[in-house]
Amino acid sequence: MVIKTAAFVCSNTQVSALPPPILPEYAFIGRSNVGKSSLINMLVNQHGLAKTSQRPGKTQLINHFLINEAWYIVDLPGYGYARVSKTSREKWEKFIRAYITKRESLQCVFVLIDSRLEPQQIDIEFCYWLGERQIPFSLIFTKADKQGMTTTQKNVAGFKRKLGEFFEEIPATFITSAEKGIGKDEVLNFIYEVNKDFVVPTDYKRF
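Throughout, our numbering is defined as the position within the sequence shown, counted from one, plus 25.
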């Protein structure tokens, strides 16, 4: 897939205010500081489309980006950042859950995992939550350029083993580096194939 256009559309805290669900959407989420914004910018060839920050937890909205005027990247707030108030964290979690469970046009949740780390319980639990609700998701391991491939493969394998305790089948997995462009074609080709089967909801509800 060649990315010809990528444009910011809107930011929201209310699922009811999102664009009509008539185009396929792919949500990106992970622990704060996992490199989500950098990965999105790498995928769409625009350095500043998704705003990066040295301050984890900055993304606090559902951000929609229209790609090739045909599908959306959805940038969701990160989870697991302790330096925000309990009230703010609960507010994020509520609208994240509402978006993921109710959005008719959501095709896949890309769960971003830091490839430098051994399996983290918060990531495992989030994948379990998705699985319990039968939400399609894939794994994107980020920052693969930060250590040797042996370490990356070890951590990826460890994460898969943890998921294997709950899932009969492990979802699609991608190893990426925003800095080196690793994994870009694989992720975009996956989206391209999923888009082929998208059917516009004929009776979607506003909520």
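Even for Gly, the Cβ is constructed at its ideal location relative to N, Cα and C.
Collapsed DSSP secondary structure at residue i in the structure displayed
i    : result
E150 : helix
V99  : strand
L155 : helix
Q79  : Because the pLDDT at Q79 is just 44, under 50, the model does not fix this residue reliably, and the value given afterwards should be weighed accordingly. DSSP places Q79 in coil when its eight states are reduced to three.
Q145 : coil
T126 : helix
V225 : coil
Residues sharing a beta bridge with residue i, DSSP
i    : result
T167 : D139
I54  : V136
F33  : F90
Y104 : R56
L131 : E50
Delimiting residues of the beta strand (DSSP E) encompassing residue i
i   : result
I28 : It is not in any beta strand (DSSP E) - I28 carries neither H nor E in the DSSP assignment.
First and last residue of the uninterrupted alpha helix (DSSP H) at residue i
i   : result
V69 : 61-69
* Asked: Could you give the uninterrupted runs of the beta strand (DSSP E) lying entirely in the region 161-223, keeping only those of 3 residues or more?
  -> Taking only runs of at least 3 residues, the beta strand (DSSP E) segments lying wholly in the region 161-223 are 162-167, 198-200.
* Asked: Below 8 Å, can you find three or more Cβ-Cβ pairs linking the region 188-201 to the region 47-55?
  -> Verdict: no, contact absent.
* Would you check if the region 63-71 and the region 125-133 touch, i.e. whether three or more CB-CB distances between them fall below 8 Å? => no
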